[in-house]
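Peer 1: In my numbering, the protein residues as written are 25 to 274. Note that beta-carbon positions come from the ideal geometry of N, C-alpha and C, so glycine has one too.
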């Protein structure tokens, strides 16, 4: 549920985390472009005819304890054995699994307890709006944290591998190009415009809150603190690292 540049920034931090085994660390360094794209690839459905459940292997409205990334590997067993995949392919799939884990943890630890359908402050539509304001806010911070050579690091030829058995390379490339263009020199994130269009809400509504620390505090950070969000990022990074170490060791 976090935004593309949040996922990429988190992935960049994970690549250099000492918690990775040397085997996994070397692999993700060598195939960082594949891993980085894998970390945003599940959202390809935003520009395709696929449902979010199809690409993410869990439903936002489902309170089940099923684990999304495990569902993906159980459903598509060809992706579960890294020894039978090319190195490029396994790095990409590892990134895809990381995205699913982060998204689902965000649902459980951020969205549901603060903005979800069973909360009682404001109405659900307004909570969805403020959740998107938060995501845009964090996306902007993450975008500024990306390394200067991120465009090169993200550069990837998608044509030589059949990346996913449930999504076409055409759909993946469309999404890749959409993200890549935002990483080019002189570009900026389109996250606000995407959410504005999706919610059919004026961009000024978003800008008004984002431009005011007082309004951010009143509407968002009085309900979920920056400290809590930082702790979430640290905790979910550890979960991803443990998952990656296990994935490449099986």
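Could you round the C-beta distance between residue 42 and residue 102 to whole angstroms and report it? I think they count as a contact, below 8 Å.
Peer 2: No, residue 42 and residue 102 are not in contact; Cβ-Cβ is about 31 Å, not under 8 Å.
Peer 1: Is DSSP giving residue 188 helix, strand or coil here?
Peer 2: Here residue 188 sits in strand by DSSP.
Peer 1: Helix, strand or coil for residue 266? Go by DSSP, reduced to three states.
Peer 2: In the structure shown, residue 266 sits in a helix (DSSP, three-state: H, G or I).
Peer 1: Suppose the cutoff is 8 Å on Cβ atoms and the five residues either side in sequence are ignored; what does the same chain contact list for residue 44 look like?
Peer 2: So the list reads 38, 52, 265, 268 and 269, once near-sequence residues are dropped.
Peer 1: In the DSSP assignment, find the unbroken alpha helix (DSSP H) run with residue 35 in it and report its ends.
Peer 2: Its alpha helix (DSSP H) spans residues 28-39.
Peer 1: If you count every other CB in all the chains shown that lies within 10 Å of the CB of residue 33, and 16 or more means buried, which is it?
Peer 2: When all chains shown are included, residue 33 counts as buried.
Peer 1: Just the C-alpha distance for residue 215 and residue 169, rounded to the nearest angstrom, thanks.
Peer 2: Approximately 16 Å, taken between the alpha carbons.
Peer 1: From which residue to which residue does the alpha helix (DSSP H) around residue 49 run?
Peer 2: Start and end: 46-54.
Peer 1: Assign residue 144 to one of three DSSP states: helix, strand, or coil.
Peer 2: Three-state DSSP puts residue 144 in coil, outside helix and strand.
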